Structures are given as C-alpha cells and as structure tokens.
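Novice: As given, the protein sequences belong to chains A and B, one line each in that order.
Residue numbers for the first sequence follow the numbering used here, so the first one is 1 and each next one is one higher.
Residue numbers for the second sequence follow the numbering used here, so the first one is 1 and each next one is one higher.
Just so you know, even glycine gets a beta-carbon here, dropped at the ideal spot from N, CA and C.
Just so it is clear, the structure is predicted and the values come from calculations on it, not from any experiment.
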Amino acid sequence: MSTKAAEVRKRMAKARSERFREAREILDEVWRSLMGKTGLILIVFLVIVSIYALVSMPPNIVKLWNDPKAWEDNPSVVPPTWVSYFGTPVAPHVAKVLKPSQQGVYSSAMIENAVPVAGFVQVFSLDYRLDAKAFPQDIIAKIVDASANPVGGVQPIVTVYMIVKRPDGLVVMVNSPAPQPLKDIIAAGVIRLDPAQTAASLAAAFNISLTEAQAQPIRLLFGKLVGNRVEPLLGTYKIDLILMYGGVDPHSMEQAVKQGTSGIQSVKMIVKGSAYGLMGTDYVGHDLWLGLLFGFPAALAVGFFGAVTAALIGMIMGVISGYYGGWVDELIQRTVDVLGNIPLLPILVLIGVIVQEWNISPWARLFIIIGVLVLVSWGGLTIIVRSMVLSIKSEPYIEAAKAVGASNTRIMFRHIVPQILPYVFANLVFSVPAAILTEAGLSILGIRHGLPTWGAILSDAEAYVRSGGSYAVWWWILPPGILIGITSVAFVFLGLALETVVEPRLRRR
Amino acid sequence: MAGRTASVLARRAVFLTIALILIMILTAAIIGASGYDEKVIRAIIGTELQAYRQSLQRQNIPATEIQKLVEQRKQELIEIYGLNKPWTARVLPMAFRALKLDLGYVKSRAVADVVGKQLPLSVKDAILTVLPRTIVMLTVAELICAAIALRLAPLIAYKRGSLLDKSVIAYAAFTNALPIWWLGLIAIFLFGYELRIAPTDYRIVIKYINEFTSNPGDAMIGLLKVSWLPVTVVVIGLLGGWLYGIRAIAIRVVNEDYVYVAKAKGLPEEIVVKRYILRVILGPVLTIVILALAGSIGGFIITESVFDWPGMGSLYYAAITSGDAPTLIGLIYITTLVYILARFTLEVLYILVDPRVRY
C-alpha cells in the first residue's frame, strides 16, 4: 500500500469525524435546552412504545380491527377498569371457558327447579359475583369446542336453555328455547341472551308491566326495584347453560360426547362488565388499548414518511434551483408558486374520499394521502434552501472544485448539501407533526383508510356522539387526542431547539 | 423607474392568472381522471332509473315494455349527464366556465342543506350565503389574533429569553401540536353538554345571519351567543402561531440602535412600538395578516365540521362527499381567486408602504 493512498484515507476519515463531531455538538446543545431535552426524551419514549407495539400486537391486527365479530365478547362503550380506583362502581367483566359441570342421561328431572329435562343433558355453569353498585351489560356464551357429527346416522336436535339464578333465589329464563339441529347451533357459534324473553320472565316476577320490563331487561335481571328505580342487587349469580339433546338415542349421544365425536365439549361464558381493560372499549367493543398502541407506530410511520420525503424533495429542488439558475430555477420557483396557491385541505379531502373507495391495502391508502400532502408541501423548504445555495455557490472552494473538474452532481451533493443539512433536518423535524395532524384531521372528517390510528379512533368517537351517543365517553375522546398532542409536541420542541442551535451557525458562515 | 415597477407588477399579474388557470385544470383532472365524478353520476342515474321503473310498474305496463322504456331512459340520462363524453369534455369545460365566474348550479341536496335553501340553487348564491358565516367565525377569530399579536409580540420580543418569552414559545408549541378541532370537541363537551353555557347546535347561526338586516340588535346578540365558543377556541388555537411569527419578525429590529435611541429619549413604550418597530416591520406583518384573512375565507373544513358550523368548510365537505362537481369547482375557484388577489394586493402594498422596495 502506497503511503499516499493511506494519507488520503486518513484525511477522509478526519473529514468524516469532523462532520460527526459537528452533529454531536449540535445534539449536545439541543440537549442542554429544556425544550430540546423534553423533545428528545419524548421521542425516545415514542419509539420504545412503537417497538413494543410492533412486537406485542397480533400480526393481523388491522384485519382483526375491521371485523366486528372479533370484538363481540367485549362490552361496548365502557370505561377502563381502573375507574373503580376513583370510586366508580364497576360490574366486573368475566369470561371463562367451561367444561360441563354436570352431564348425563335423565329420564325425567328438574334442573335448578326450572327446566324439566329428559334425555342426554349437559349443564355449563358460571358463578358471577356482583360486589359493586353497577350493572353488567350482557350475557353471551360462545361455543369453543364442538363437533356436529350425526349419532347413529341421525343429526342430534338440541334445545338450549339459559338460566340465571339470582342471589335472592329468583330463577329467570333469559332465552327462548327452541329445538334446533346441533350443526346449526355450532355454525352460529354464539348463544345469546334474549332481551324480550328476559323482560317477559321478569315482568311476571316483579309484577310490573311488560313495557316497563322491556325498557331495561338487563338492569332488572341484575337488580331490584326500589320505589320506581332499579338498583343493582349484590351477591352471587349462577348462570346456567342447559343443553338438552333429542332426536337420538340418549346413551349413544352420551358415548359420542365422551369420545368427542359429537356434541359440545366446552363453552366460553361471558358476562360483559361495565368496564373493560386498560383503556375501555368503543361502540364495536374494540379494546381501545390495542388501538391506541397501534397508533404509536402508525403515527411515527406517517410522520417520518411525510417529513422525510417532503424534506428530500424540498432540498433537492432547492439545491438544483439555486445551483443551476436560469430557466431551471424559473421553472422550479414558478411551480412552487402554483403549489403555494392550491387550497391544500380541500384537495386532500377530495383525494381521501376518492382513495377510500379503491380496493387497495389500508397502508397504501394512507400513504397515497400523505404522498399528496408531500407533493403539495415541499415548496417552503425549496425557497429557503435556494437562497442558502445562492450564497454558498459563490464561495471560493466551490469555484476551486469546479476548476479541478468536479461534476455538478458531486459539487451539489459533496460540497453544498452537507452545509445545508442541519437546517433541512430542523425543518424535517418540524414537519413531522404536520403529517400526523393531517392524517388525524382527515380521519375526523370520516375518511377511512382502515387502520386504527388515533385519528380514526377519535373519528369513531365523534360519529358516535353525533349519532346521539352520550358525550361523556371521555376514555374514547381524550386519550387519542392527548397522544396526538404529545407526539406533535415532542417534534415541535425538538424542532424549536434545533432551530435556535442551527440558525446562528448558519449566520456565522 | 415607475414604468419598471408597473411592468414587474404586470408580469406578476400574468403569472398569478396562469397559476389560477393551472390550479383549475389540476382540480378538474383530479375530479375527472380519477373516475370520481363518473361514479357519482352513475349512482345518480341508478336511483333515477329505479324510481322510473317503479312508476312504470305501478301503471301495469308489461315487463318487456318496461325493460325497453328503462333502457331508453338510461340512454337519455347518460346523454344529459354527459357520461358518453370523456371527462375532458365534461369536467374541464366546467372549470373553464368557472374562470368566467359562470359557476353553474348546485347538484346535491347535502350541499343545499348546508346552505339552508332548496334546490334549484346557483353555486354563486350558495357561496355568497355561506361566506358571512365563515367570516363571523374564522375571519373574526383571525382579526382578534392579529390585534392581540400586534400589541403583545413586540413587547415579548424586547424581553427575549425571559420567562414570558419562553412561556409564549411553549404555548405556541403546544397549540401548534394540538389540533384546533380537538380543542373544539373538548370545548363542546365541556361548555355545551356539561356546563350548558354554550350551544350544542350551531346551525342556528343561519337564522341570526338571515335576520341581520331586519332585526340587527337581536341578531347581534344571537350571533354573540352562538359564536363565542368557536371563536374563542379558534383564537386559542391560532394565537400561539401569531405571537411566535410576529415575535420572530420583531426580534430582528428591537435591538437596532434607533430603537435604543427612541427608548433613551424617554418615549413611551407604546410610541416606540408603534413608530419604531411596527412601522419598520409593516411589510412582513402585512403579509401575515392579509394572507391569514384571505385564507380564513376558505373556511376550516375540520373545525367547522366538528362544530357543525354551516360555513365554507362545511360546504366544501358536503360538496366533496356528495360528489357535487360544480359546487366543488366553484369553491376551489373562489378560494384560490381570493388568495391570489390577496397576494397581488400584497405586491402592490409592499411598494406603497416601503419606499425601499423598488424593482
């Protein structure tokens, strides 16, 4: 190896370390200001949460989110469970997978003094303790493990009874039992409480009119009448799901169930509580914790994609415009002028409305919208970069580079771009929130890309309130807005700190 | 010298006109080439044919005959709506007619609902009816911001680095980060539904504005009642940006020698601010004020939608979602025109207010 090559390499390394040192200096200065520190800490926090979200969330979360069936186990529009620590009574949410607590062949018997049964019978039983003065929302049972094979060549017919035994001893039939083929029950997958039947059972028990009972069957089921009001009845409720198999020989049916060739093996019984999870639920029953978590990587992706592409286009156009001058400069500056006059938001809304009809992936839809935002908004940076390039261009070392025959591209990217990079970076940081806020704003207008971003969650909340829902759904409105705010503030703070560090440096040049 | 100024202004005018035409072509292209307008028209034709078929069935016309009549009607409708022509022959002429201020007629009921009138309704009438509502909310809010910022920002600029200065920057950062429409949502919840001291239905502004000529006293009180919350929210949301922007401009001059001299002479602060600071920075300040006012005319789509305020933003939104091409093109034309006129006015004003500006 010749000493000359080594010398050149050494010098290049030195130049590189020089540039690195400058970046470190800027970072140090930013860290010393309160705003810069706050911004950086917040951004690190956002990135960590995003990584956690990407690792911990189910990979098909987007598809899952858009499938209402996936969320029917959850109560709808309830606050987080931790409201109980602030004194709000909470009816617990209970979901348990149950094996039959009792099964066998009965000739003629009464189960729970309520249902006369005969034949092969299964009972799934759940104890539900209500300690706080609040009402659960609903009861459903989902079939977890079952097979619908014929027994002795015949399809079994099943009658399902759902019965609630209250702490005061009252036994209430809450569905309307009708014999159905086993395969239909398994295909439906869900056994629901029937509000009409519940109301009918309770009207008789409470000696009130049917219409009164129909107004609030679930509350009556878990309550008692105090004057005209319904108050929660505390204690342990026993919820039974009784399956009576008919149409086949009871003993062969018993055999088939024991061998697992036919019949229902296990059931998930759910009493929907009056609070759920860490962040509550929305109208569909979405676990908002998951949606809010998804919002972190989504917001950062939108912000970075928008800001980085806009900064790249803006910088390159500005450098070209300033460096070449002449008609190229004129063309770029006039284009910027036209773009600056476009009414941005209406055009974005229009594009959003058009794109939401297209049959493409939600991410593609989102990035087309942000892409249009980028296409319209790179102009501001271009004007500033151009003016900087104009002054850098006349420096002697650029002349020198030209004289030794450096190509235009080399001069632009090796000698000019590194000098304006700090400013471009400050500008980039500033425009991250713009992209995030635009996405959220378009979502609130009801433009659907299909991703559970913070904006989309907020927009669902707004639509819910608009269509007559209660305005008191704070857990649905506040967290997404606050998260949008925190994310934006982090970048605005960092941008402000960077700007105060970078600007005087530029002036010194 | 004057001749040169005039020719520069003329060139500017020509260019801004070209920009306006380009933006209209671009808009027409987005509406037409994406198939958006075609899809909407097909839906309209579909519902019309459905109604037509039902009316025929009620007259007991044989099925084969109905099929023929419906097909015939379909061809007629395709002709009427111009679906047999490409978008360049359907949407583009609409944009060019708009340039001559021939804006055509509102197509959709949703748009007429925002205006508060029945169809048929000309786009020009729709925009003129809705415009005062946006002015009452947004232009007023921008004016309030401008008044406060012009008063306070120079004083803040004096005290660069002080606690006041820092808190103003922090305030600007926060309001820059929190969307105004979100503040609006929270404000409606808090003051409208919880405390019940603000309205929850803002459409009533239509009534007060309509009554303004016949009964100005009551209408004024009504307007105050309906608009105090949205105006306050918008002012809170925008003021930070205003203060920060004007402070940044003022900082460049507050440390100039002549300002120190003026202060040393013992002139009251008010006069120093007015004569020695504001007058010098009048150019950039005018830019901010005039462009903000011109921009407010176009309405804030999202904020108006959150308040359900029937202004320009809501009109935009209704036009876009219902696929009302004439209204949309009319709106984009008018808002762009106002903005471009404002920019041209600025070019003239620069020359008038600043004797240093000569081309």
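Between which two residues does the beta strand (DSSP E) holding A/G263 run?
Specialist: Its beta strand (DSSP E) spans residues S262 to K272.
Novice: Is there a Cβ from chain B that is less than 9 Å from the Cβ of A/V353?
Specialist: For A/V353, the answer is yes, since a Cβ of chain B falls inside 9 Å of its Cβ.
Novice: Which residues in chain B have a C-beta closer than 8 Å to the C-beta of A/I342? List them in chain order.
Specialist: The answer, in chain order, is I23, L26 and T336.
Novice: By the DSSP assignment, the alpha helix (DSSP H) with A/F296 in it spans what residues?
Specialist: Residues L288 to Y324.
Novice: Please confirm whether A/D337 has its beta-carbon closer than 9 Å to some beta-carbon of chain B.
Specialist: Closer than 9 Å: yes.
Novice: Can you tell me whether B/S314 is buried or exposed, with buried defined as 16 or more other CB within 10 angstroms of its CB?
Specialist: B/S314 is buried by the Cβ-count criterion.
Novice: The alpha helix (DSSP H) spanning A/E439 covers which residue range?
Specialist: Here the alpha helix (DSSP H) through A/E439 covers V417 to I444.
Novice: Would B/C145 pass as a contact of B/W242 if the rule is Cβ separation under 9 Å?
Specialist: A contact, by the Cβ cut-off of 9 Å.
Novice: Using the DSSP secondary-structure output, state which residues sit across from A/L243 in a beta bridge.
Specialist: Looking at the DSSP assignment, A/L243 forms a beta bridge with A/Q122 and A/V160.
Novice: Taking DSSP as the reference, what is the three-state secondary structure of A/D138?
Specialist: Here A/D138 sits in strand by DSSP.
Novice: Would you tell me roughly how many angstroms separate the C-alpha atoms of A/R509 and A/M388, rounded to the nearest one?
Specialist: Below a pLDDT of 50, predicted positions are generally treated as unreliable, and A/R509, at 42, falls in that range; the measurement from the model is reported next regardless. The alpha-carbon atoms of A/R509 and A/M388 are separated by roughly 11 Å.
Novice: Using only CA atoms, which one of A/W454, A/P100, A/L451 and A/I347 lies nearest to A/S125?
Specialist: Checking every option, the nearest Cα to that of A/S125 belongs to A/P100.
Novice: Counting only beta-carbon separations shorter than 9 Å, does B/Y158 have a partner in chain A?
Specialist: Taking Cβ atoms only, chain A never reaches closer than 9 Å to B/Y158, which makes this a no.
Novice: Against chain B, with Cβ distances strictly below 9 Å, would A/V492 count as a contact?
Specialist: Yes, because at least one Cβ of chain B sits closer than 9 Å to the Cβ of A/V492.
Novice: Round the Cβ separation of B/V70 and B/P310 to the nearest angstrom and send it over; I've been treating them as touching at under 8 Å.
Specialist: Actually they are not in contact, since the Cβ atoms of B/V70 and B/P310 sit about 38 Å apart, beyond 8 Å.
Novice: Bridge partners for A/I185 per DSSP, in chain order?
Specialist: In the DSSP output, where bridge partners are listed per residue, A/I185 has none listed.
Novice: Taking the continuous beta strand (DSSP E) assigned at B/R160, which residues delimit it?
Specialist: No beta strand (DSSP E) contains B/R160, which DSSP labels as neither H nor E.
Novice: Going by other Cβ atoms of all chains shown within 10 Å of its Cβ, with 16 needed for buried, is A/Q517 buried or exposed?
Specialist: Past the edges of chain A, shown from 1 to 509, lies residue 517 of chain A, and the structure says nothing about it.
Novice: Are the CB atoms of B/I332 and B/T17 within a distance shorter than 9 Å?
Specialist: No, Cβ-Cβ distance for B/T17 and B/I332 is not below 9 Å.
Novice: Taking Cβ-Cβ distances below 8 Å as the criterion, which residues of the segment 251 to 281 of chain B are in contact with chain A?
Specialist: Those residues of the segment 251 to 281 of chain B that come within reach of chain A (Cβ to Cβ, closer than 8 Å) do not exist; the list is empty.
Novice: Could you say if the segment 268 to 278 of chain A and the segment 48 to 62 of chain A meet the contact criterion of at least three C-beta pairs nearer than 8 Å?
Specialist: No: the two stretches stay apart, fewer than three of their Cβ pairs being nearer than 8 Å.
Novice: Taking all protein chains shown into account, do 16 or more other C-beta atoms lie within 10 angstroms of the C-beta of B/T64, making it buried, or fewer, making it exposed?
Specialist: Looking at its Cβ environment, which holds fewer than 16 other Cβ atoms inside 10 Å, B/T64 is exposed.
Novice: Could you check the C-alpha separation between A/L366 and A/E439 for me, to the nearest Å?
Specialist: Cα to Cα, A/L366 sits roughly 8 Å from A/E439.
Novice: Taking C-beta to C-beta, are A/R147 and A/I191 nearer than 9 Å?
Specialist: A small correction: the amino acid at residue 147 of chain A is Ser; Arg does not occupy that position in the sequence shown. Cβ atoms of A/S147 and A/I191: not closer than 9 Å.
Novice: With DSSP run on the structure shown, which of helix, strand or coil describes B/A264?
Specialist: DSSP places B/A264 in helix when its eight states are reduced to three.
Novice: With a threshold of 9 Å between beta-carbons, can B/T321 be considered close to chain A, or not?
Specialist: It does: the Cβ of B/T321 has a partner Cβ on chain A nearer than 9 Å.
Novice: Applying the 10 Å Cβ sphere with the 16-neighbour rule, what's the burial state of A/F86?
Specialist: Looking at its Cβ environment, which holds fewer than 16 other Cβ atoms inside 10 Å, A/F86 is exposed.
Novice: If we cut at 9 Å on Cβ distances, does B/A112 have a partner in chain A?
Specialist: Chain A, which has no Cβ nearer than 9 Å to the Cβ of B/A112, makes this no.
Novice: Residues in the same chain with beta-carbon distance under 8 Å from A/T236, minus the five sequence neighbours each way, listed in chain order, please.
Specialist: Excluding residues within five positions, the ones whose Cβ falls inside 8 Å are D127, Y128, R129, L130 and P167.
Novice: Taking Cβ-Cβ distances below 9 Å as the criterion, which residues of the segment 176 to 187 of chain B are in contact with chain A?
Specialist: Residues N176, A177, L178, P179, W181, W182, L183, L185 and I186.
Novice: Determine, using beta carbons only, whether B/F307 and B/G184 come nearer to each other than 9 Å.
Specialist: Yes; because the gap between Cβ atoms is below 9 Å, this pair is in contact.
Novice: Using a 10 Å radius around the Cβ and a threshold of 16 neighbouring Cβ atoms, would you call B/I340 buried or exposed?
Specialist: Under this definition B/I340 is a buried residue.
Novice: Quick one: what does DSSP say A/G36 is sitting in, helix, strand or coil?
Specialist: Helix, per DSSP.
Novice: Would you mind telling me which residues of chain B sit closer than 7 Å to A/V510, beta carbon to beta carbon, in chain order?
Specialist: Only positions 1 to 509 of chain A appear in this structure, which leaves residue 510 of chain A out of reach.
Novice: Nearest-angstrom Cα distance between B/I182 and A/L182?
Specialist: The residue you asked about is not Ile; residue 182 of chain B is Trp in the sequence shown. Distance between the alpha carbons of B/W182 and A/L182 is about 51 Å.
Novice: Quick check on B/Y350 - is its C-beta less than 9 Å from some C-beta in chain A?
Specialist: So no, B/Y350 is outside the interface.
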